[in-house]
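Novice: The sequence shown finishes on residue 271 if you use my numbering, and the numbering steps up by one all the way, no holes. We treat Cβ as the ideally placed atom computed from N, Cα and C, and that holds for glycine. Quick caveat: nothing in here was measured; it's all calculated off a predicted structure. One structure is given below, represented as structure tokens, and several questions about it will come after.
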Amino acid sequence: MSSEKKKPTVFIVEDNEFHLRLARDLLEAHGMRVLHSAAPMEAIALIERSKPDLILMDLSLKEANGLEIVRRLKENPKTADIPVIALTAHATKRDEANARAAGCNGFIVKPINTRLFPKQIIDNLKASEG
Ligand code: MN
Numbered sequence: 142m143s144s145e146k147k148k149p150t151v152f153i154v155e156d157n158e159f160h161l162r163l164a165r166d167l168l169e170a171h172g173m174r175v176l177h178s179a180a181p182m183e184a185i186a187l188i189e190r191s192k193p194d195l196i197l198m199d200l201s202l203k204e205a206n207g208l209e210i211v212r213r214l215k216e217n218p219k220t221a222d223i224p225v226i227a228l229t230a231h232a233t234k235r236d237e238a239n240a241r242a243a244g245c246n247g248f249i250v251k252p253i254n255t256r257l258f259p260k261q262i263i264d265n266l267k268a269s270e271g
């Protein structure tokens, strides 16, 4: 790859090593650059600084409710425009409605479907290109 800069960057906030590795491997295999943190405050700071093209947010983190982080990112002018996809094992209509209300642009249920996941992410990147 000649230009690392042109790769779309996906920031994953996830505290489960297995889910992180799976998502990271799939996205890197599809030409994306992946950044990561499991710590809420660190994630917010790194997202502000790195301005990723998309954020994947685990909603159940050990240190915080993922939706609380999404609200903070959406209130922050530096990060408000970055699309956020929720990742969660809780798949009720109410869970999805809560995620959308907090500002999530999409919702993916775990465990992820390894065949569909890269396309779901690529479609969201395209949708946000404007
Ligand atoms: Mn988790």
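#1: Compare the C-alpha of residue 252 against each of 237, 269, 209, 229 and name the closest.
#2: For residue 206, collect the residues of the same chain with a Cβ closer than 8 Å to its Cβ; drop the 5 residues on either side in sequence, then sort them by chain order.
#3: Beta strand (DSSP E) containing residue 178: first to last residue?
#4: If you draw a straight line from the C-alpha of residue 165 to the C-alpha of residue 236, how long is it?
#5: Comparing alpha-carbon positions, which option in 210, 186, 181, 179 lies nearest residue 245?
#6: Can you grab the Cα-Cα spacing for the pair residue 152 / residue 224, in whole Å?
#7: Measuring CA to CA, which of 221, 185, 203 is closest to residue 158?
#8: Which same chain residues, not among the five before or five after residue 161, have their C-beta less than 7 Å away from its C-beta?
Specialist: In short, the structure shows the following:
#1: 229
#2: 200
#3: 174–178
#4: 24 Å
#5: 210
#6: 11 Å
#7: Of 221, 185, 203, the residue nearest in Cα terms is 203.
#8: 153, 155, 177
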